[in-house]
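Q: This is the structure I have questions about; it appears just below.
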Amino acid sequence: MNNKNKNLLGITWEYAPKSPAVNIRKKAVVNKKSINSYSISALNSTLKQTKRRRAKSGSNFLAKYKIIYTASFLCIFITLFFLSISISSASNLNTKKRGDIEFDVMREDNPDKYLESYVFFEDDENDKEESDPGQITQFVTGKVEYSKYRVVNNENLNSISKKFGLLKDTIILVNNLKNTNSVKSGMLLKIPNRDGRTIKVGKNDSIFKIANRYGVKWENIADANGIESSLIVEGDSLFIPGSKMTDYEKKRFYSEIYLWPLKSRKITSKYGPRIDPFTKAYSFHTGIDIKDDLNAKVLAVTSGEVSFVGKNKVYGNYIEIKYNDDIILLYAHLNKVDVKKGDFVNQGAVIGKVGSTGRSTGPHLHLEIRKDGKLVDPLKIML
């Protein structure tokens with residue numbers, strides 16, 4: 046009897062009797078060559094299936110995200126393209142803008158012929174204060190141009206600046222005026238064709254330092270002065286477009302505007318609370334009283350426009366002169382008035398004579414000063 050049997054794996058089972066009445070003992074004899082051949086074949090099959098699955102998975106992945114990658118690339122490319130155009134335009138074009146109007150004169154062969162054609166409403170708040178409502182201001186670019194203007198009678202900074210559509214700051218800074226008294230009839234003024242100031246280039250100055258000092262782009266300074274590079278020379282005169290007076294410059298300029306109105310300096314009543322000479326009760330005195338002889342000359346403390354000439358029971362004959370749009374000076378108790386409403390008067394001009402008209406105890410000048418509609422102490426300003 047053959048006690049051997051093979052299974053599917055090539056394992057030969059041998060049944061050997063342990064003893065006559067013994068159970069069959071299983072003895073496995075492994076055909077190593079057979080099992081190795083099967084294992085390698087199974088492994089190769091598994092690897093091939095894995096490769097096919099990975100190839101299929103990778104193909105699905107690429108197909109799935111190909112559109113996303115393409116769209117992302119196109120978006121980045123388009124963004125960079127338009128950004129480069131914007132940067133190029135900003136750096137190469139000299140474009141000026143006011144309100145909704147924009148133009149570029151630097152691309153033209155002859156830009157000067159276009160400058161007079163572009164007129165803009167000025168948006169700056171300070172410009173609104175300095176000019177009449179609805180007044181238009183010419184906005185120009187290119188090299189600054191100057192004209193000369195001779196001051197005529199009854200003209201001041203207000204009237205001259207309005208005539209040329211410029212800020213008063215520009216007239217002051219370009220002509221290096223020290224105070225409002227500097228504007229005299231017959232004097233010659235330098236008038237630029239745009240707002241700004243002129244300066245002298247100092248030692249170790251560069252166009253970049255100057256631009257930073259005045260808050261202006263150096264390219265605009267170069268453009269306004271016809272400079273083709275950033276090189277400047279000590280002692281050169283430069284125009285700084287758009288520059289205005291600083292607070293310090295304004296304080297220094299306007300602190301010297303007041304002239305004493307009479308030869309006499311005898312003050313009989315100061316500004317503030319006092320005992321009323323008529324009622325003998327406490328009241329507030331709105332100005333200062335300066336005693337002088339009857340018909341003594343009253344001089345204009347500042348230059349300005351005569352905004353009112355009239356008479357009432359308190360002030361008697363009186364004059365109001367408007368200076369700098371926000372300051373009004375009142376001269377009261379006059380015996381005679383030598384000006385009329387609408388006149389421009391220069392500082393120091395005779396505007397009337399000392400009197401005792403109205404509510405007065407004797408010949409004197411009552412002087413009031415209002416700034417932005419509020420009373421101020423004349424002595425704090427004039428002394």
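Residue numbers (the numbering used here): 46 to 428. Cβ atoms here follow ideal geometry from the backbone N, Cα and C, with glycine treated the same way. Because the structure is a prediction, the values reported are computed rather than measured.
DSSP on Val294, reduced to helix/strand/coil?
A: Note that residue 294 is Glu in the sequence shown here, rather than Val. Helix at Glu294.
Q: Short check: CB of Ser348 to CB of Lys386, under 8 Å?
A: Against a cut-off of 8 Å, the Cβ pair of Lys386 and Ser348 comes out as no contact.
Q: What three-state label does DSSP hand Ile36 in the structure shown?
A: Lying outside 46 to 428, the shown extent of the chain, residue 36 is not represented and no answer is given.
Q: Does Pro286 pass the burial test, meaning 16 or more other C-beta atoms within 10 Å, or should it be called exposed?
A: Classification of Pro286: buried, given that the 10 Å Cβ count is 16 or more.
Q: Going by beta-carbon coordinates alone, are Ile429 and Gly332 separated by less than 8 Å?
A: Because the chain here runs from 46 to 428, residue 429 falls outside it and cannot be looked at.
Q: On the three-state DSSP scale, how would you describe Asp334?
A: Here Asp334 sits in strand by DSSP.
Q: Check this for me: beta carbons of Gly407 and Gly361, under 8 Å apart or not?
A: No, the pair does not count as a contact, with Cβ atoms beyond the cut-off.
Q: On the DSSP letters alone, give me the boundaries of the alpha helix (DSSP H) that Phe253 sits inside.
A: 252 to 259 is the extent of the alpha helix (DSSP H) around Phe253.
Q: Taking the C-alpha atoms as reference points, what is the distance between Ile121 and Ile113?
A: C-alpha separation (whole angstroms): 12 Å.
Q: Give a yes or no on contact between the segment 319 to 327 and the segment 278 to 295, applying the rule of three or more CB pairs nearer than 8 Å.
A: Segments in contact, no.
Q: So, under 8 Å CB-CB, Tyr368 and Leu412 are touching, yes? Tell me the CB distance rounded to an integer number of Å.
A: Contact doesn't hold; Cβ gap of about 13 Å is too wide.
Q: Helix, strand or coil: which one does DSSP assign to Lys289?
A: Coil, per DSSP.
Q: Taking just the CA atoms, how far does Ile252 sit from Gly260?
A: Roughly 12 Å separates the two Cα atoms.
Q: Taking Cβ to Cβ, would you say Ala341 is nearer than 8 Å to Leu307?
A: The answer is yes: Cβ separation under 8 Å.
Q: So Asn203 is in the beta strand (DSSP E); what residue range does that whole segment cover?
A: Segment 202 to 209 is the alpha helix (DSSP H) holding Asn203; no beta strand (DSSP E) there.
Q: State the Cα-Cα distance for the pair Pro318 and Asn198, rounded to the nearest angstrom.
A: When rounded, the distance between both Cα atoms is 41 Å.
Q: Would you mind stating whether Ile217 and Asp250 have Cβ atoms separated by less than 8 Å?
A: It is not a contact, given that the beta carbons lie outside the stated cut-off.
Q: Do Val219 and Asn270 count as a contact pair if the criterion is CB distance below 8 Å?
A: Contact flag unset, no.
Q: State the DSSP-derived secondary structure class of Ile277, mapped to helix, strand or coil.
A: The answer is coil: DSSP assigns Ile277 none of H, G, I, E or B.
Q: Can you grab the Cα-Cα spacing for the pair Lys262 / Lys289, in whole Å?
A: The straight-line gap from Cα to Cα measures roughly 15 Å.
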